[in-house]
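In the working numbering, each residue's number is its place in the sequence shown (first place is 1) plus 1.
Read the structure below first, then the notes.
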Amino acid sequence: MHTQPSKIIQGIGVSPGIIIGKVVVIKRQTCRPGWYQLPPEQIQQEVQRFKDAVGGAEQELLSLRKYFTDDLADALSIIDSHVLILKDRMIVEQTIQIIEQNNVNAEWALAQSLSQIQAKFDKIPDPYIKDRYSDVKHVADRIYGLLFGQDPYQLIQGDEPVVVVANDVSPEDTIRLHKENILAFLAEKGGQTSHTAIIARSLNLPAVVGLEYITGVLQTGDEVILNGTTGEVVVRPTAEQKEQYQEYSLHNRVRDEELAYYTHLNSETIDGYTVRLSANIEVTEELPNVLQNGAEGIGLFRSEFDYFHGVSHPCEEQLYATYKELLATMAPHPVTVRTLDVGGDKLMHYLSQNYSHMDDERNPALGLRSIRFSLYESQLFATQLRSLLRASVHGRLRILLPLVSSLNELYQTKAILRNIMSDLEQEGASFTPKVELGIMVEVPSAVILADVFAKEVDFFGIGTNDLIQYSLAIDRNNQFVAHMYDPFHPAVLRMIKHTVDAGHAQGIPVSVCGEMAGDLLCAPVLLGLGVDELSMRPPVLPHVKRLLRHSRYDQLHELAQDVLLCVDGRQAREFLASYFSQYYPREIRSS
Ligand code: PEP
Ligand code: MG
Numbered sequence: 002m003h004t005q006p007s008k009i010i011q012g013i014g015v016s017p018g019i020i021i022g023k024v025v026v027i028k029r030q031t032c033r034p035g036w037y038q039l040p041p042e043q044i045q046q047e048v049q050r051f052k053d054a055v056g057g058a059e060q061e062l063l064s065l066r067k068y069f070t071d072d073l074a075d076a077l078s079i080i081d082s083h084v085l086i087l088k089d090r091m092i093v094e095q096t097i098q099i100i101e102q103n104n105v106n107a108e109w110a111l112a113q114s115l116s117q118i119q120a121k122f123d124k125i126p127d128p129y130i131k132d133r134y135s136d137v138k139h140v141a142d143r144i145y146g147l148l149f150g151q152d153p154y155q156l157i158q159g160d161e162p163v164v165v166v167a168n169d170v171s172p173e174d175t176i177r178l179h180k181e182n183i184l185a186f187l188a189e190k191g192g193q194t195s196h197t198a199i200i201a202r203s204l205n206l207p208a209v210v211g212l213e214y215i216t217g218v219l220q221t222g223d224e225v226i227l228n229g230t231t232g233e234v235v236v237r238p239t240a241e242q243k244e245q246y247q248e249y250s251l252h253n254r255v256r257d258e259e260l261a262y263y264t265h266l267n268s269e270t271i272d273g274y275t276v277r278l279s280a281n282i283e284v285t286e287e288l289p290n291v292l293q294n295g296a297e298g299i300g301l302f303r304s305e306f307d308y309f310h311g312v313s314h315p316c317e318e319q320l321y322a323t324y325k326e327l328l329a330t331m332a333p334h335p336v337t338v339r340t341l342d343v344g345g346d347k348l349m350h351y352l353s354q355n356y357s358h359m360d361d362e363r364n365p366a367l368g369l370r371s372i373r374f375s376l377y378e379s380q381l382f383a384t385q386l387r388s389l390l391r392a393s394v395h396g397r398l399r400i401l402l403p404l405v406s407s408l409n410e411l412y413q414t415k416a417i418l419r420n421i422m423s424d425l426e427q428e429g430a431s432f433t434p435k436v437e438l439g440i441m442v443e444v445p446s447a448v449i450l451a452d453v454f455a456k457e458v459d460f461f462g463i464g465t466n467d468l469i470q471y472s473l474a475i476d477r478n479n480q481f482v483a484h485m486y487d488p489f490h491p492a493v494l495r496m497i498k499h500t501v502d503a504g505h506a507q508g509i510p511v512s513v514c515g516e517m518a519g520d521l522l523c524a525p526v527l528l529g530l531g532v533d534e535l536s537m538r539p540p541v542l543p544h545v546k547r548l549l550r551h552s553r554y555d556q557l558h559e560l561a562q563d564v565l566l567c568v569d570g571r572q573a574r575e576f577l578a579s580y581f582s583q584y585y586p587r588e589i590r591s592s
C-alpha cells in the first residue's frame with residue numbers, strides 16, 4: 002500500500018475523456034545509455050549489432066504500417082517519415098563512425114550522434130522545426146529499445162486495462178496503444194499540435210501531455226484520475242475525489258447518451274426548416290467520429306495535414322488516396338476540401354523549411370498565405386487540384402479556396418482547373434467536370450464583393466475565425482487583444498448577413514465553418530441570418546442539432562434581427578442570455 006499523499010498535477014489535455022485507472026510507468030525513454038570500451042576485435046560485431054537494431058526498428062515500423070493500412074492512412078505517412086529518419090546519415094553513419102573511431106558501445110555512440118543532432122535543432126529559431134527533433138528522438142528511442150533488448154510495452158500485457166505513463170509517447174506508440182488494453186496515456190513531453198496529440202484525438206484515446214516529472218511521481222500500480230479536456234491529473238486520488246469524479250463522469254455519460262438520441266434525427270427546426278450540419282476535420286482517422294456524431298457531410302477538410310509531417314511535398318497518389326477515402330466514406334454526402342491553407346499562423350515551419358526566403362515576411366498574416374501561396378507555387382497547387390479532380394468520381398466533392406480577396410485569384414484558379422481537366426481528358430482519366438467550386442469568405446474585400454463572387458462560384462464558406470481577425474484587425478493568436486476578438490461585434494454580424502443575402506440572391510448556398518458555427522450562443526443567430534450549413538468539430542454536432550430541434554425558424558429570424566440592432570458584443574450576449582432562458586430548456590442552456 003502507498004503511503005504517499007494524493008496530489009493534483011496540471012498538464013495539457015490533448016484528447017478528451019475522463020478516466021480512473023491504474024498506471025503502468027514506461028521508463029524506456031529515460032534510460033541513460035552507459036559507456037563502455039570494446040577491444041578492437043569486437044568493433045565490427047558492435048557495428049553489426051547496431052545495424053541489426055536499425056534494421057529491426059525499420060521492420061517494426063513496416064509491420065506497424067502493414068497492420069494499419071486500411072484504417073489509418075494519414076498516420077501511416079508519419080510512420081513513413083520515421084522510416085526515412087531511420088535511414089538518415091546523421092543517425093546511422095555517424096553512430097557507426099563514433100563506434101569505430103572510439104571503440105565504444107553502440108548505445109553510447111548513438112547518444113553522441115543524437116546530442117549533435119539536438120544541438121543543430123537547438124540553433125533553429127522556429128519552434129515548429131525545433132519540435133520536429135521529437136520525431137528524431139522517437140526513432141532513436143526505438144533503436145535504443147532494440148539495443149537494450151527490451152520492449153517497454155511488454156509491461157502492459159495484463160488483462161486489466163491501464164493508463165500508460167511515459168516520458169514521451171511517439172505517434173506510432175499511440176497507434177499501438179490504441180490497439181492494446183489501454184484506457185489513456187499521460188506523457189511528460191508534447192503539446193496540443195504535436196503529431197501524437199493529433200493521432201490521440203483521432204483515435205478517441207484520452208490523453209494529457211506536458212506533465213513534467215510524471216514518470217517520477219507515479220509508480221506502476223498507482224491509481225490516477227485524468228481529465229483529457231482540462232488536463233487535470235489527480236495522482237493517488239482519495240476516496241472522496243474518486244467519488245466526485247465518478248459523479249462528474251456519470252453526469253457526462255448521461256448527457257452524452259441523451260445527446261446520442263439526436264445524432265441520427267433530421268437537422269430541422271420544430272417548424273420544419275432544415276439546415277445541413279457538417280463536420281470540420283483534419284485527418285481521415287476522424288471519419289468514424291464524424292459518422293458517429295451524425296454529420297451530414299464534411300463542411301471543411303483542412304488539407305494541410307498531408308503537407309505537414311512529410312519530409313517532402315506529398316505526391317499526387319498520396320493526396321488522391323486521402324481524398325478518395327474521404328469521398329467514398331461520406332458518399333452521398335458532400336465533402337468540402339479546402340485547398341492548402343499555409344502561411345499566417347499555420348505551418349510556418351513547413352514554409353520556412355522549404356521556402357527559406359519566406360522567413361523574412363514582416364507581416365505573415367498579410368503575406369504570401371493560402372490561395373496566394375498556392376498560385377505562387379502553381380505546380381504544387383496543380384498537384385493538389387489534379388488529385389482532387391481524380392478523386393471527385395468517388396463521391397460529392399466541393400473544392401473550397403481559402404482567403405480569396407480578389408476575382409483575379411478565382412479566375413487564375415479556374416484557368417489551372419481547365420488545363421488539368423483537359424490533361425485528364427486526354428489521358429482518359431475520369432473526373433466530375435462540373436465539380437463544385439467555392440470560396441472562403443474570410444476577408445472584408447470578399448464580403449464587399451460577395452454579389453460579384455456569387456455569380457462565379459457554386460457556394461460560399463464563411464470563415465469567421467479569419468473574418469473576425471481581418472475585419473476587426475485583431476490577431477487571432479495575440480493574447481493582448483484576445484478580449485477584443487468578438488464574434489458578436491456588429492460589423493461581423495452585418496458582414497455575415499451581407500454575404501448570406503448576396504449568396505441567396507444568386508441562388509447559391511452559404512455555410513459557416515469557423516468556430517462560431519459550433520458555439521451554442523452564436524449558432525441560433527447564424528441560423529436566423531439564413532445560413533444554410535453549419536460546420537463544426539464532430540463532438541459539438543449533437544449539441545447544435547438538439548438546439549436546432551428545439552427552435553422555431555420564425556423566432557430565430559426575429560432573434561437575428563434583434564441581435565443585429567445591438568450596439569456591441571456585450572449587449573448582444575445579454576440579449577441572447579435572456580432569449581435562451583425564455584425559449585430553451587435548462588439542459589440546452591447549461592450544455
Ligand atoms: C476560418 O478562418 O474561420 C476557418 C474556418 O479556417 P481556419 O480556422 O483554418 O483559418
Ligand atoms: Mg481561415
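Virtual Cβ for every residue (Gly too), placed ideally from N, Cα, C.
CA-to-CA distance, residue 277 to residue 84, given in whole angstroms: One Cα belongs to residue 84, the other to residue 277, and the distance between them is close to 42 Å.
Chain-ordered list of residues that sit, by beta carbon, closer than 6 Å to a heavy atom of ligand 1: 301, 303, 342, 443, 464, 465, 466, 467, 514, 515
8 Å CB neighbourhood of residue 118 in its chain, flanking five on each side removed: Answer for residue 118: 91, 92, 134, 137, listed in chain order.
Closest residue to residue 495 among 566, 541, 482 (Cα-Cα distance): Looking at 566, 541, 482, the one whose alpha-carbon comes closest to that of residue 495 is 566.
Within 8 Å, strictly: CB atoms of residue 529 and residue 492: no
Buried or exposed by the 16-neighbour rule on C-beta atoms within 10 Å, applied to residue 316: exposed
Contact test: residue 331 Cβ vs ligand 3 heavy atom, cutoff 7 Å: Annotation note on ligand 3: not contained in the displayed structure, which lists ligand 1 and ligand 2 as its ligands.
Heavy atom of ligand 2 within 7 Å of residue 517 beta-carbon: no
The stretch 227-240 contacting the stretch 513-532, beta-carbon criterion three pairs below 8 Å: no
Residue ranges of each alpha helix (DSSP H) within the stretch 435-478, 4 or longer: For the stretch 435-478, whole alpha helix (DSSP H) runs of length 4 or above, ordered along the chain, are 445-449, 451-455, 465-473.
Nearest-angstrom Cα separation, counted from residue 549 out to residue 513: Cα to Cα, residue 513 sits roughly 15 Å from residue 549.
Residue burial classification, residue 455 (beta-carbon count within 10 angstroms, cutoff 16): buried
Cβ-based neighbour list, residue 470, same chain, cut-off 6 Å, excluding 5 preceding and 5 following: Result list for residue 470: 477, in chain order.
Short Cβ contact (8 Å threshold) for residue 58 with residue 143: Contact flag set, yes.
Environment of residue 508 [buried if 16+ CB atoms lie within 10 Å]: In this structure residue 508 is exposed. Its beta-carbon is surrounded by fewer than 16 other beta-carbon atoms within 10 angstroms.
First through last residue of the alpha helix (DSSP H) which encompasses residue 366: Segment: none, residue 366 is in no alpha helix (DSSP H) and carries neither H nor E.
Contiguous alpha helix (DSSP H) assignments of at least 4 residues, all confined to the stretch 232-309: 240-264, 288-293, 306-309
Residue 445 CB to nearest heavy atom of ligand 2 below 7 Å: For ligand 2, not one heavy atom lies less than 7 Å from the Cβ of residue 445.
Beta carbon of residue 140 nearer than 8 Å to that of residue 25: no
As assigned by DSSP and simplified to three states, the class of residue 495: helix
Residue 441 Cβ short of 7 Å to ligand 2 heavy atom set: yes
Residue 337, DSSP secondary structure in three states: strand
Burial state of residue 364, where buried means 16 or more other Cβ atoms lie within 10 Å: exposed
According to DSSP, residues forming a beta bridge with residue 38: 105
Minimum C-alpha distance to residue 374 - residue among 406, 121, 388, 86: Of 406, 121, 388, 86, the residue nearest in Cα terms is 406.
C-alpha gap between residue 370 and residue 467, whole angstroms: C-alpha of residue 370 to C-alpha of residue 467: approximately 12 Å in a straight line.
CA nearest to the CA of residue 280, picked from 546, 12, 581: 546
Contact check, residue 390 vs residue 432, beta carbons under 8 Å: yes
Best match in 208, 301, 168, 37 for proximity to residue 189 [C-alpha to C-alpha]: 168
Opening and closing residue of the beta strand (DSSP E) in which residue 170 lies: Taken as a continuous stretch (DSSP letters only), residue 170 belongs to no beta strand (DSSP E), as it is neither H nor E.
Collapsed DSSP secondary structure at residue 124 in the structure displayed: coil
Heavy atom of ligand 2 within 7 Å of residue 365 beta-carbon: Because no heavy atom of ligand 2 lies under 7 Å away, the Cβ of residue 365 does not count as near it: no.
Any non-hydrogen atom of ligand 2 closer than 7 Å to residue 540 Cβ: no
C-alpha distance - residue 87 paired with residue 39, whole-angstrom precision: 25 Å
Integer Cβ distance of residue 197 from residue 14, believed to fall under 8 Å: No, residue 197 and residue 14 are not in contact; Cβ-Cβ is about 13 Å, not under 8 Å.
Proximity test, residue 172 beta-carbon vs ligand 2 heavy atom, cut-off 7 Å: no
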